[in-house]
Amino acid sequence: MTTSVKFIGAVLPNDEVTDVVVTGGRISAMGPGLNHIEGEVVDVTGLRLLPGLVDLHTHLREPGFESSETVLTGTQAAAVGGFTTVFAMANTLPVADTTSVVELVWRRGIEAGYATVRPVGAVTVGLEGQALADLASMASSRANVRVFSDDGKCVFDPLLMRRALEYVKAFDGVIAQHAQEPRLTLRSQMNEGLVSARLGLAGWPRVAEEIIIARDILLAEETGSRLHVCHLSTAGSVEIVRSAKARGVRVTAEVTPHHLLLTEESALDYDARFKVNPPLRTDEDVHAVRAGLADGTVDIVATDHAPHPIENKDCEWSDAAFGMVGLESALSIVNMTMVQSGLMSWNDVARVMSTAPAHIGGVANTAGTLEVGRPADLVFVDERVLRSFGVEDLAGLSKNSPFLGLELPGKVVHTMRHGYFTVRDGSLVDQRVIATFAREDTIGFDERG
Amino acid sequence: MTARNVLQATDIQRALTRISHEILESNRGASGLVILGIPTRGVVLAERIAEIISGIEPGVDVPVGALDVTMYRDDLATSPTRSSSPTRIPGGIEDSTVILVDDVLYSGRTVRAALDALTDLGRPRVVRLAVLVDRGHRELPIRADYVGKNLPTSHAERINVCLVETDGNDLIQIAGE
Amino acid sequence: MQHLLSAADLDRDTSIALLDLAEDMAETADRPHKKLPTLRGRSIVNLFFEDSTRTRISFESAEKRLSADVINFSAKGSSVSKGESLKDSAQTLAAMGVDAVVIRHGSSGAPYLLAHRGWIDVPVVNAGDGTHEHPTQALLDAFTLRRRIHQTASRGRDLAGVRVAIVGDVLHSRVARSNAWLLTTLGADVTFVAPPTLLPAQRDAFPVSMETNLDEVLRSSPDAVMMLRIQKERIHGAFFPHEREYTRIWGLTAQRFQALPQKTLVMHPGPMNRGLEICSEAADSAASTVLEQVANGVFVRMAVLFAVLTGKEDL
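Chains as they are written, first to last, in my numbering: chain A, 418 to 866; chain U, 19 to 195; chain L, 293 to 607.
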């Protein structure tokens, strides 16, 4: 884009009011009183400006499960939620355990153009947990993979986990673990507790998550590696991470929006929209993860956006798939649970939803910060508006959201990626328009994060 | 809602006494009689009739019992659920003269249900019906053999029957609109 | 009462009313003509996703004795095909026009979905769902207990002060759960007895006491001992080492049975593993209520069907 766009009157995360000028896909100027500069004016008075959100944990389902979601529809959902970068998990079909699959996903992301898609590579071949996948090849491929995860499944073998942690040090990679001891959670359906006993559903004990996190932290400490804990859900897990950080282990952790709000009580109606892995826990756990996010023990919020077709949710609980979509609602949920409750400021939100995930994902050079010279990945939010969240607010292919019918605060007004709008005035920009901008995008993938 | 008394305690007792005599007269005595009341107040009346009969024909103990008809009603799907009562038939009804007793005869449907219930229990030689009040408006071809009092009423009116054993006093009222 | 989905939903008055209704139904058993015309013209579907000849036959007997039309819909899939979804089965039945559904399903919560999702709009009776509940079983167990204890004076009575020990694989037993709710609602004192691995993880999940020592519980002279069937698959989950140890420590062996006071009732929902959780001597004794439970099951189910299919107000 050769013409400039200037945003007038935005509120920064630190509450200062500023103008932002975007030229050639980058932030060319930032500060108060820039109205005199040439460019198309966009009035954003009163809107909160955040760096484009970065989701370290999304399931785009392509290749293999295109009836649930595709890279195109998933990144559209991301844009609507204010995300400009998403890390796509590897549990596709075929699994993203080779260069060819990660490059396929990477290319699809570029073609779609709505968000930067960073493929996550599998840790083990086929997610079977038996043999290491082509970690170094994926890292040096055009997809430039730095985050590796068997998410969906746990790397349960301690020897393999240790090997993987050591191996990725060669290219500053990070293993993101889905902590779930498989033998303790055979056929588990929901949190093990009073509700599961009452409903007659097999329990998923907290200790099955905590055991793996504790083990992996000790391994990472031993090998001097980075470790990332996916979607932690229990008070015990927060405690374990807290003491590990205190003694200097390079561990980071994420929490999902739904674990910041919902508890196991949601399952009382046997409504499988609330079936998720790890399961919704108790009030005590919700308070602990909120406190953990506020004090930095939990580094980031990641959506674990998991699309599923209707028939896999509109059925008996034990037959239903695990997972919830979350890209479109994430920012509102964080607003509601953390900002409105006074636990966090918007500065903190920018940190946990953009800066920190960019850092962990190895893309800090190009994402997560508002600074002159950086690619213009921006999101403008009307934080005051209260909206009834409905199916029409979901932009992905699947509609399995646990938040339907809730009154949610805040709505994304504009999302800009690499200097072009992906969402404008609250509406998703048309695919053909985006495809054109994507083709002309000069920033691309060439900047190594 | 106005209510006027139509039968007091003594009227009720006289009516039951007359009915008891009529039963004995048409049956030529007490032999073969089985008196079955339809719950709840029909059972009370049946027991009173049996007692009166024992007073008239000493040394005679007429079998008296209860016949619950809830399971045989034709309005189960549309009316509020009723709880049922036990059915007690002392000694069976084969070949006997069954006197069905109820407090009020109205559409005739309760009696129809009672006849169906009887059929499932055995085969009496003859079945007769005794009611304390006949208020008219039959919906089925059913008539009572022994009637305490005929009380023509409109559909909008209600007959309230009180008996000492169930309600604390003996009284029959018509309640208007 | 619109649906019967769980014993936990039944309050004391409704429970007693159902048991009293069952007494009326029981009276018909002595007649030459056992049928009642009560549900004539109504069609009831036995929607069974799980094999269960005993329960299905019991419901079918109950339905036929009330002169209802019975449709048996065996929705169980095979090893080859999963079978129709619950939603599709329900909508198919709705399209065919049935008056009530009795459902038995392997997934906890399936009857709840059937009753509340709007796929079908008829009364739903839970004939057993996963490891959640089996309310008619609890009702027939309560009915059996009440009759044995209060005899002809059972009508209107509850089970206040009656002490019941439920022994066995409580963790996976919907019968244990439903009984825990219903018997307690009726005033009984219920104790679960099992190895720690087969008791619910949460001690306060149910309004009952939980013990692991069977001999101690038996020494306290409970009024009834309900033995639950042990499934051999549990050995694979390492819930206990092997059957012989289970029987030795938690089985109603001949020795334990003989030590019981004569008045102690021995109950079992069936089918029994003779020699495993219950000895033949106990199963065949005068104290055993096993066969009565089966007979009473028909009466209780007649009462339940009557209650959900007639009347517009609550029972």
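For glycine and all other residues, C-beta sits at the position ideal for the given N, C-alpha and C.
> Terminal residues of the continuous alpha helix (DSSP H) containing L/F598?
Replying inline: Here residue 598 of chain L refers to the residue found at position 306 when the third sequence is read from its first residue. Here the alpha helix (DSSP H) through L/F598 covers 582 to 601.
> In chain order, what residues of the same chain lie with their CB nearer than 8 Å to the CB of L/Y538, ignoring the 5 residues before and after it?
Replying inline: Looking up residue 538 of chain L in the third sequence gives position 246. The answer, listed in chain order, is P487, I522, F532, L568, E569.
>> For a contact defined as C-beta to C-beta under 7 Å, what are the partners of L/H325 on chain U?
In response: Along the third sequence, one-based indexing puts residue 325 of chain L at 33. By Cβ distance, chain U contributes D138.
> By the 10 Å Cβ neighbour count, where 16 or more other Cβ atoms means buried, how is A/R643 classified, buried or exposed?
Replying inline: Mapped onto the first sequence, residue 643 of chain A falls at position 226. Its Cβ being crowded by 16 or more others within 10 Å, A/R643 is buried.
> Which word fits U/R143, buried or exposed, when buried means at least 16 other C-beta atoms lie within 10 angstroms of its C-beta?
Replying inline: In the second sequence, residue 143 of chain U corresponds to position 125, counting from 1. With fewer than 16 Cβ atoms within 10 Å of its Cβ, U/R143 is classed as exposed.
> What is the C-beta distance between A/E486 and A/L814, in whole angstroms, given that I count them as a contact (C-beta under 8 Å)?
Replying inline: Here residue 486 of chain A is taken as the residue at index 69 of the first sequence, counted from 1. Here residue 814 of chain A is taken as the residue at index 397 of the first sequence, counted from 1. The pair is a contact, with the Cβ atoms about 5 Å apart (cut-off 8 Å).
>> Would L/G410 pass as an interface residue toward chain A - the criterion being a Cβ-Cβ separation below 8 Å?
In response: Position 118 of the third sequence, counted from the start, is the residue given in the question as residue 410 of chain L. Not closer than 8 Å to any Cβ of chain A, the Cβ of L/G410 fails to qualify, so no.
> Counting contacts by CB-CB distance shorter than 8 Å, is U/T35 in contact with chain L?
Replying inline: For this step, residue 35 of chain U is matched to residue 17 along the second sequence. Cβ-Cβ to chain L under 8 Å: no for U/T35.
> Assuming A/I634 and A/V666 make a contact with CB atoms under 8 Å, what is their CB distance in whole Å?
Replying inline: Within the first sequence, the letter at position 217 stands for residue 634 of chain A. Within the first sequence, the letter at position 249 stands for residue 666 of chain A. Yes, they are in contact, since the Cβ atoms of A/I634 and A/V666 sit about 6 Å apart, within 8 Å.
>> So for U/I117, helix, strand or coil by DSSP?
In response: On the second sequence, residue 117 of chain U is found 99 positions in, with the first residue counted as 1. Three-state result, U/I117: strand.
>> With H, G and I counted as helix, E and B as strand and the rest as coil, what does DSSP make of A/S654?
In response: Stepping through the first sequence from its first residue, residue 654 of chain A is reached at position 237. Of the three classes helix, strand and coil, the one that applies to A/S654 here is helix, per DSSP.
> At least one CB of chain A closer than 8 Å to the CB of L/E425: is that the case?
Replying inline: Position 133 of the third sequence, counting from 1, holds the residue named residue 425 of chain L. Chain A, which has a Cβ nearer than 8 Å to the Cβ of L/E425, makes this yes.
>> Considering just the uninterrupted stretch of the alpha helix (DSSP H) at U/H39, what are its terminal residues?
In response: The residue given as residue 39 of chain U occupies position 21 in the second sequence. Start and end: 27 to 45.
> For A/L814, which three-state DSSP category applies?
Replying inline: Here residue 814 of chain A is taken as the residue at index 397 of the first sequence, counted from 1. Coil, per DSSP.
> Can you list the residues of chain A that L/G333 reaches, using a CB-CB cut of under 8 Å?
Replying inline: Counting from one through the third sequence, the residue named residue 333 of chain L turns up at place 41. What L/G333 touches in chain A: nothing, since even the nearest Cβ is about 32 Å away.
> Taking just the CA atoms, how far does U/S114 sit from U/Y164?
Replying inline: Here residue 164 of chain U is taken as the residue at index 146 of the second sequence, counted from 1. Here residue 114 of chain U is taken as the residue at index 96 of the second sequence, counted from 1. Those two C-alpha atoms are separated by around 18 Å.
>> Can you list, in chain order, the residues of its chain with a C-beta nearer than 7 Å to that of L/R447? Leave out the 5 residues immediately preceding and following it.
In response: By 1-based counting over the third sequence, the position of residue 447 of chain L is 155. Taken in chain order, the residues that qualify are D312, E315.
> Mind pulling the chain A residues with CB within less than 7 Å of L/L378?
Replying inline: For the purposes of this step, residue 378 of chain L is identified with residue 86 of the third sequence, where counting begins at 1. Near L/L378 (Cβ distances below 7 Å), the residues of chain A are C732, E733.
>> The beta strand (DSSP E) that contains L/I458, what's its start and end?
In response: The count along the third sequence starts at 1 and reaches residue 458 of chain L at position 166. Counting along the chain, the beta strand (DSSP E) containing L/I458 begins and ends at 455 to 459.
> Based on the DSSP output, what are the partners of L/Y404 in its beta bridges?
Replying inline: To locate residue 404 of chain L, count along the third sequence from 1; it is residue 112. In the DSSP output, where bridge partners are listed per residue, L/Y404 has none listed.
> When the Cα atoms are used, what is the spatial distance from L/E319 to L/S470?
Replying inline: On the third sequence, residue 319 of chain L is found 27 positions in, with the first residue counted as 1. On the third sequence, residue 470 of chain L is found 178 positions in, with the first residue counted as 1. Using only the alpha carbons, I get a separation of about 26 Å.
> Nearest chain L C-beta to A/R869 closer than 8 Å, yes or no?
Replying inline: Outside the displayed range of chain A (418 to 866) lies residue 869 of chain A, so it cannot be described from this structure.
> Taking the C-alpha atoms as reference points, what is the distance between U/R91 and L/L328?
Replying inline: As a first step, residue 91 of chain U must be located in the second sequence, where it is residue number 73. As a first step, residue 328 of chain L must be located in the third sequence, where it is residue number 36. Answer to the nearest angstrom: the Cα atoms are 11 Å apart.
>> Distance cutoff 8 Å, beta carbons only. Does L/E537 sit that close to anything in chain U?
In response: In the third sequence, the residue the question calls residue 537 of chain L occupies position 245. So no, L/E537 is outside the interface.
>> Quick check: what's the CA-CA separation for L/L378 versus L/D343?
In response: Taking the third sequence and counting its residues from 1, one reaches residue 378 of chain L at position 86. Taking the third sequence and counting its residues from 1, one reaches residue 343 of chain L at position 51. Taking the straight line from one Cα to the other gives about 16 Å.
>> So, at 7 Å on beta carbons, what are the nonlocal neighbours of A/N729 in its own chain, with the 5 sequence-adjacent residues on each side left out?
In response: Residue mapping note: residue 729 of chain A aligns to position 312 of the first sequence, counting from 1. Cβ neighbours of A/N729 beyond the five flanking positions: A737, A738.
> Beta-carbon separation of A/F820 and A/S746 under 8 Å?
Replying inline: As a working note, residue 820 of chain A is residue 403 in the first sequence. As a working note, residue 746 of chain A is residue 329 in the first sequence. Contact: yes.
>> Assuming L/V459 and L/V417 are in contact, meaning their beta carbons sit under 8 Å apart, how far apart are those beta carbons, in whole angstroms?
In response: Start at 1 with the first residue of the third sequence, and residue 459 of chain L comes out as number 167. Start at 1 with the first residue of the third sequence, and residue 417 of chain L comes out as number 125. Between L/V417 and L/V459 the Cβ distance is about 27 Å, and since that is not below 8 Å, they are no contact.
> Would a C-beta distance cut-off of 8 Å place A/S749 and A/G843 closer than the cut-off?
Replying inline: By one-based count along the first sequence, residue 749 of chain A stands at place 332. By one-based count along the first sequence, residue 843 of chain A stands at place 426. Not in contact: A/S749 and A/G843 (Cβ atoms no closer than 8 Å).
>> Among the candidates A/M761, A/V428, A/T501, A/G450, whose CA atom is the shortest distance from the CA of A/A775?
In response: Numbered from 1 along the first sequence, position 358 holds the residue referred to as residue 775 of chain A. Closest by alpha carbon: A/T501.
> Between A/L636 and A/M555, is the Cβ-Cβ spacing less than 8 Å?
Replying inline: By 1-based counting over the first sequence, the position of residue 636 of chain A is 219. By 1-based counting over the first sequence, the position of residue 555 of chain A is 138. It is not a contact, given that the beta carbons lie outside the stated cut-off.
>> I'd like to check one pair, U/Q26 with U/L189: are the Cβ atoms closer than 8 Å?
In response: Within the second sequence, the letter at position 171 stands for residue 189 of chain U. Within the second sequence, the letter at position 8 stands for residue 26 of chain U. Closer than 8 Å, so yes.
>> With three or more beta-carbon pairs closer than 8 Å as the criterion, would you say the stretch 477 to 487 of chain L touches the stretch 436 to 453 of chain L?
In response: yes
> Cβ of L/L328 less than 8 Å from any chain U Cβ?
Replying inline: By 1-based counting over the third sequence, the position of residue 328 of chain L is 36. L/L328 counts as touching chain U.
>> Tell me the rounded alpha-carbon separation between L/M502 and L/L491.
In response: For the purposes of this step, residue 502 of chain L is identified with residue 210 of the third sequence, where counting begins at 1. For the purposes of this step, residue 491 of chain L is identified with residue 199 of the third sequence, where counting begins at 1. The straight-line gap from Cα to Cα measures roughly 8 Å.
> Out of U/D86, U/N168, U/I111, which has the shortest C-alpha to C-alpha gap to U/R100?
Replying inline: Taking the first residue of the second sequence as 1, we reach residue 100 of chain U at position 82. Among U/D86, U/N168, U/I111, the Cα nearest to that of U/R100 belongs to U/D86.
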